[in-house]
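So the protein lines, in turn, are chains A and B.
Note that numbering that gives the first Met the number 0 has the first sequence beginning at 0, numbered continuously upward.
Note that numbering that gives the first Met the number 0 has the second sequence beginning at 0, numbered continuously upward.
Have a look at the structure below, then the notes.
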Amino acid sequence: MSSMTKQAQQRANLLQGTLDMLILRTLLYGPAHGHQIGKHIQRTTNDFLQMQHGSLYPALHRLERRGWVASKWETAPDRNREFKYYRLTEKGRKQLMVEESEWKQMADAVARVMWPTAEES
Amino acid sequence: MRWWQMKKRDADLERELRSDLELEEEEQRENGVPAEEAHYAARRAFGNATLIREQAHEAWGWARIDRLMADARYAGRVLLKSPGFALTASLTLALGIGANAAIFSLVSAIILRPLPYPSPRELVGLGQWRNQKGEGYVQTGVSAPNILDIAAVKSIFQQVAYFRFAGFNITEGNHPESIDGIRASLDLLPMFGIQPLMGRFFTAGEMLPGHDQEAILGHRLWQTRYGADPAILGKTIDLDQKRYTIVGVMPARFRFTWDQEMGVFVPLALTPEELSEKGRATSRDLETQARLQPNVTVKQAQAAMDTLAANLAAEHPDADKGWGIKVEPLHAAYYRHLGQPLLIMSGAVLFVLLIACGNIANLLLARATVRKREIAIRAAVGANRARLITQLLTESVVLAVIGGVLGLLLAYVGDRILTAEMTRYRRFSVPNASVINLDWRVLLFALGLTLVTGILFGLAPAWIASGTDLNESLRESGANSAAESGRRRLHNGLVISEIALALVLLTGAGLLVRTFLKLMRVDLGIDPTNVVTMEIDLPHYKYSSPANQTLFYRQLLQRVQNLPGVRAAGIEQPGSTVFFQPEGQAPTVPGQEPTADFNVVSPRDFAAMGIRLVAGREFTESDSDGATPVALISEATAHRYWPDANPIGKHLSILARVYSGQSAGTAQSLQIAGIVKDRRGYDLWEPRADIYVPFEQHPIAWGFLDVRTAVPPTSVVPSIREAVLAIDNEQPVNDVQLLTDQIAQTYGTIGFPMTLVWIFAALALVLSAVGIFGVMSYTVSRRSHELAIRMALGADRATVLRQILREGLGVTLVGVAIGLAAALGLSRIMADYVYGIKATDPVTYTAATVVLVLAALAACYVPARRAASVDPMRTLRNE
Numbered sequence: 000m001s002s003m004t005k006q007a008q009q010r011a012n013l014l015q016g017t018l019d020m021l022i023l024r025t026l027l028y029g030p031a032h033g034h035q036i037g038k039h040i041q042r043t044t045n046d047f048l049q050m051q052h053g054s055l056y057p058a059l060h061r062l063e064r065r066g067w068v069a070s071k072w073e074t075a076p077d078r079n080r081e082f083k084y085y086r087l088t089e090k091g092r093k094q095l096m097v098e099e100s101e102w103k104q105m106a107d108a109v110a111r112v113m114w115p116t117a118e119e120s
Numbered sequence: 000m001r002w003w004q005m006k007k008r009d010a011d012l013e014r015e016l017r018s019d020l021e022l023e024e025e026e027q028r029e030n031g032v033p034a035e036e037a038h039y040a041a042r043r044a045f046g047n048a049t050l051i052r053e054q055a056h057e058a059w060g061w062a063r064i065d066r067l068m069a070d071a072r073y074a075g076r077v078l079l080k081s082p083g084f085a086l087t088a089s090l091t092l093a094l095g096i097g098a099n100a101a102i103f104s105l106v107s108a109i110i111l112r113p114l115p116y117p118s119p120r121e122l123v124g125l126g127q128w129r130n131q132k133g134e135g136y137v138q139t140g141v142s143a144p145n146i147l148d149i150a151a152v153k154s155i156f157q158q159v160a161y162f163r164f165a166g167f168n169i170t171e172g173n174h175p176e177s178i179d180g181i182r183a184s185l186d187l188l189p190m191f192g193i194q195p196l197m198g199r200f201f202t203a204g205e206m207l208p209g210h211d212q213e214a215i216l217g218h219r220l221w222q223t224r225y226g227a228d229p230a231i232l233g234k235t236i237d238l239d240q241k242r243y244t245i246v247g248v249m250p251a252r253f254r255f256t257w258d259q260e261m262g263v264f265v266p267l268a269l270t271p272e273e274l275s276e277k278g279r280a281t282s283r284d285l286e287t288q289a290r291l292q293p294n295v296t297v298k299q300a301q302a303a304m305d306t307l308a309a310n311l312a313a314e315h316p317d318a319d320k321g322w323g324i325k326v327e328p329l330h331a332a333y334y335r336h337l338g339q340p341l342l343i344m345s346g347a348v349l350f351v352l353l354i355a356c357g358n359i360a361n362l363l364l365a366r367a368t369v370r371k372r373e374i375a376i377r378a379a380v381g382a383n384r385a386r387l388i389t390q391l392l393t394e395s396v397v398l399a400v401i402g403g404v405l406g407l408l409l410a411y412v413g414d415r416i417l418t419a420e421m422t423r424y425r426r427f428s429v430p431n432a433s434v435i436n437l438d439w440r441v442l443l444f445a446l447g448l449t450l451v452t453g454i455l456f457g458l459a460p461a462w463i464a465s466g467t468d469l470n471e472s473l474r475e476s477g478a479n480s481a482a483e484s485g486r487r488r489l490h491n492g493l494v495i496s497e498i499a500l501a502l503v504l505l506t507g508a509g510l511l512v513r514t515f516l517k518l519m520r521v522d523l524g525i526d527p528t529n530v531v532t533m534e535i536d537l538p539h540y541k542y543s544s545p546a547n548q549t550l551f552y553r554q555l556l557q558r559v560q561n562l563p564g565v566r567a568a569g570i571e572q573p574g575s576t577v578f579f580q581p582e583g584q585a586p587t588v589p590g591q592e593p594t595a596d597f598n599v600v601s602p603r604d605f606a607a608m609g610i611r612l613v614a615g616r617e618f619t620e621s622d623s624d625g626a627t628p629v630a631l632i633s634e635a636t637a638h639r640y641w642p643d644a645n646p647i648g649k650h651l652s653i654l655a656r657v658y659s660g661q662s663a664g665t666a667q668s669l670q671i672a673g674i675v676k677d678r679r680g681y682d683l684w685e686p687r688a689d690i691y692v693p694f695e696q697h698p699i700a701w702g703f704l705d706v707r708t709a710v711p712p713t714s715v716v717p718s719i720r721e722a723v724l725a726i727d728n729e730q731p732v733n734d735v736q737l738l739t740d741q742i743a744q745t746y747g748t749i750g751f752p753m754t755l756v757w758i759f760a761a762l763a764l765v766l767s768a769v770g771i772f773g774v775m776s777y778t779v780s781r782r783s784h785e786l787a788i789r790m791a792l793g794a795d796r797a798t799v800l801r802q803i804l805r806e807g808l809g810v811t812l813v814g815v816a817i818g819l820a821a822a823l824g825l826s827r828i829m830a831d832y833v834y835g836i837k838a839t840d841p842v843t844y845t846a847a848t849v850v851l852v853l854a855a856l857a858a859c860y861v862p863a864r865r866a867a868s869v870d871p872m873r874t875l876r877n878e
């Protein structure tokens, strides 16, 4: 296994648990279609999270099945073509808050273990 | 989720992916990437489309279905690759499932379909019963005063209704017609809960003698005879020359006694005599049905009736001592006589199906050996055992479904045949026989059966096949190790069960065949060749006095007797059951009076029917009205009630009729003039106890004219009709039948169900023989190596042949032992259906065993021959 793909794999693993949260967070700005969501995550992380867009769709459908997002075919204003737009539902908004706080707790916990002196001083 | 929704969702995903992919491509191009490269770059950025789809399916929870579809497709391919196997297996299954579905459609039509009335569970049939010396359980209707006492138990019954069947002639207009009718009590029609199409039910006032002049028409009569006249109410109809006013018409869906469409209902006005205390004993012919109060169970009703019957016996010992009152669900009362035969048939077809399953399981097992490498490879690339079993089970269920569909086709044909046969023999009295079909219950049953069989015959082979040790099977090479011996045990176990099942069926069928042969040889007591019978019913409005009736028959017999080609002519009115008292014997306790069938005959009727005299004398012309009242009795009557003495010259007196409302008049003393042979008619199983009296001393209005001819009997029928018309040019002759046809009907009624069981048993025999053949062939081919070594070491062909046959025989005998034990255990079910033998008849059991063992040996012989013809050199060189 080359080091390139190994790196990608690690990022993908990292992403696995957090992808749902990132999608929900992205949709907080307003409805978007799959391509936009992917591009947005990629851009905001300075290409650190460079995923294959394809992996986004199963995640989107999983979120839809749980009722956290809703979808609708709508015409994009700039392209004059229909895209499948996803938007956050009320349930999704709450879920985002839950996941965010869980993530924060997790990150704090990890930080305390990793850099104890910084915490104590 | 429905499949079309799945399709839609899939299309939606496709569209979403495509639109986003195009956008990506566009953006790449806008960034200055050349068109072609943009195309591929977009795809690279996107990833594997199939994978995305699969993951999305997983997200939707479709993965299971996807896998199932893939398995089913794969199973289809596998089966197509071995069409011989697929064909054999699915045809075998089709036979099994088809036979089961056909018999189940009988069960559905007769037992499962509820009666076509509102709240049918509340409806019950009522009857009086007692244990009759020599006859056992006897059930009659309920007498009129007893019905009133029953109806008074308001906490149990909503309504208690009664009726009598009545045939009417419509005696008006240009086309006279005879129709089925019912004389009904006030509550009868309302009790069923189906309102008239128009008009009303009867009123209480119309139930009184002299006021019973109203009629309610059945739907069909209203349509055919009156062209569905909407203004029919208030018009009249003449029945037997009595005028009735039409007050109602029943709707088309109304059926009486479950599935019969009656022409007309008229009020049943009970006579003062029937309602009097005397009627308790003489009107037990009232068919009685009731509707229970809601929430009252049949059991509670029965308990209440037991108490009532005890009270009645105490208060009216002459009429009611020894009699019980029976309550049973009305539906069950209609199919009571069919329950056991249906159970036997269902058991028979189930056995056939189980044997078929055994065969297919064996085939699958053999195939599993062949497919060992394929399965090992699947396991090697990561399929776990559950996954392998699922896939193999899918294969067997696909097989079962093919078999099930073919089976339903067979069942459809089977239902046609059943309907035809059941309606051909009128005496089957199978309710709903005309609507034996594949209703939703049968379809559901077939579906369930298909899935269960698919899993049943597939599970063990799949379990064993999937448990293969990887290394071993990939390493090639054939028979060895524990797995192989386990497999052989399963093979043998299956064959043993098949043989056991087949033996149970064979003994059952054997018992029925022997019974039938015995019944064929039974002495009917009559000589049916060249006898024609016909019914003549003198209308009471024309022949009102006994003298008129007797005169008509006397004249008729004279004329017919003198027709060319006629050897003997007689008239008979066959028996209604009577109580009688042999005079000079201790008076019997009430409730245990002797009974016999009371037949009125003319002197020459014994000659016409071929009934032989055993002792004493026959009737003569001189046994007329004024002469000593005489009777003849049959041998059974003589043996039963005069066991130790010669009855000739002794007297008997008729007490009352058991069922009929007609009282037999004052107890008349009859002198026994002779004894005649027993005859059997409707009931081949047992001779009836008969009493015969001369028609000159007991005038009759209707009877059968029996004519024995010297020429083909049908050729005489026209001149007989002429003879009737010569006396009365309006008198019809009905129901002309050859006595041989009647007897064929009787045998056919017994023969048809027996034939069915026999066919099932033959199927079982063939299937199990095929099973043995398959297993032995397989064993021989697996062991060719071992056999070759034996032969190389000096075993000759005869030894090898014997060895293989001995192995086959060993398995067969184990199956036979189990089968015999099971058959003996089940023999009690057959006890009511055998004649002249016991249900444990050793001849039948031996014969069935011999047939089965011979079939098994024959099935072993071919593979054994092949084993013996193994060329040791070649076989060993091939290793």
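In this text, a Cβ means the ideal position worked out from N, Cα and C, and glycines have one as well.
State the CB to CB distance for the pair B:L555 and B:I726, rounded to an integer number of angstroms; the pair is presumed to be in contact (CB under 8 Å). 6 Å
Inter-residue CB distance, B:P581 and B:P698 (contact presumed, cutoff 8 Å): No, B:P581 and B:P698 are not in contact; Cβ-Cβ is about 25 Å, not under 8 Å.
Backbone CA spacing between B:G126 and B:V159 [nearest angstrom]: 12 Å
So for B:L391, helix, strand or coil by DSSP? helix
Would you list, in chain order, the members of the stretch 47 to 68 of chain B that have their beta-carbon closer than 8 Å to a beta-carbon of chain E? The structure shown contains no chain E; its protein chains are A and B.
Just by C-beta distance, which residues in the stretch 94 to 117 of chain A are closer than 7 Å to chain B? none
First and last residue of the uninterrupted beta strand (DSSP E) at B:F156: 156 to 169
What are the start and end residues of the beta strand (DSSP E) that includes B:L238? 235 to 238
Give the DSSP bridge partners of B:G247, in chain order. B:G198, B:I215
Burial state of B:Q27 (16 or more Cβ within 10 Å): buried
Residue span of the alpha helix (DSSP H) that contains B:P460, given as start and end: 439 to 465
Please report whether the beta-carbon of A:H60 lies at a distance below 8 Å from any beta-carbon of chain B. yes
Could you tell me whether the stretch 530 to 546 of chain B touches the stretch 762 to 779 of chain B, where touching means 3 or more Cβ pairs closer than 8 Å? no
Taking the DSSP output, what are the residues bridged to B:L631? B:G673, B:Y691
Let's see if you can read the secondary structure: which residues bound the beta strand (DSSP E) around A:K93? Careful: A:K93 lies outside any beta strand (DSSP E), inside the alpha helix (DSSP H) at 89 to 113.
When the cut-off is 8 Å and only beta carbons count, does A:R64 lie next to chain B? yes
Where B:S776 and B:V326 are concerned, what is the direct C-alpha to C-alpha distance, given to the nearest angstrom? 59 Å
So which of B:D536, B:A445, B:E571, B:N728 has the shortest CA-CA distance to B:A410? B:A445
If you draw a straight line from the alpha carbon of B:Y640 to that of B:T587, how long is it in whole angstroms? 11 Å
How big is the Cα-Cα spacing for B:T739 and B:V152? 50 Å
Give me, in chain order, the residues of the same chain whose beta-carbon lies closer than 6 Å to that of B:V351; leave out the 5 immediate sequence neighbours on both sides. G95, A98, F759, L762, A763
Return the CA-CA distance between B:G660 and B:A183, expressed in angstroms with no decimal places. The pLDDT assigned to B:G660 is 42, lower than 50, so where the model puts this residue is not dependable; a value taken from the coordinates is nonetheless given after this. Each residue's Cα considered, the two are about 15 Å apart.
Pairwise C-alpha distance: B:A268 and B:M190: 18 Å
What residue ranges within the stretch 61 to 89 of chain A form continuous beta strand (DSSP E) runs of no fewer than 3 residues, ordered along the chain? 68 to 74, 81 to 87
Is B:Q240 buried or exposed, if buried means 16 or more other CB atoms sit within 10 Å of its CB? exposed
With H, G and I counted as helix, E and B as strand and the rest as coil, what does DSSP make of B:N310? helix
Per-residue contacts from A:R80 into chain B (C-beta, under 7 Å): S18
To the nearest angstrom, report how far apart B:A646 and B:L654 are at their CA atoms. As written in the sequence, residue 646 of chain B is Pro, which differs from the Ala given in the question. The alpha-carbon atoms of B:P646 and B:L654 are separated by roughly 18 Å.
With DSSP as the reference, label B:A568 as helix, strand or coil. strand
CA-to-CA distance, A:F82 to A:A76, given in whole angstroms: Sequence inspection shows Pro at residue 76 of chain A; the Ala mentioned does not correspond to that position. Straight-line Cα distance between these residues: approximately 10 Å.
May I ask which residues mark the beginning and end of the beta strand (DSSP E) holding B:T557? First, the residue type needs correcting, since residue 557 of chain B is Gln and not Thr in the sequence shown. Unbroken run through B:Q557 is the alpha helix (DSSP H), 545 to 560; no beta strand (DSSP E).
Option nearest B:V861 by Cα separation, candidates B:T843, B:V769, B:A821, B:I836: B:V769
If we ignore side chains and look at the alpha-carbon of each, how far apart do B:E620 and B:R558 end up? 15 Å
Output the residue ranges of the alpha helix (DSSP H) runs that lie fully inside the stretch 298 to 384 of chain B and measure 4 residues or longer, sorted by chain position. 316 to 319, 329 to 334, 338 to 369, 371 to 379
B:W757 (DSSP reduced to helix, strand or coil): helix
Range of the contiguous beta strand (DSSP E) that encloses B:Y860: From DSSP, B:Y860 is part of no beta strand (DSSP E) but of the alpha helix (DSSP H) over 841 to 867.
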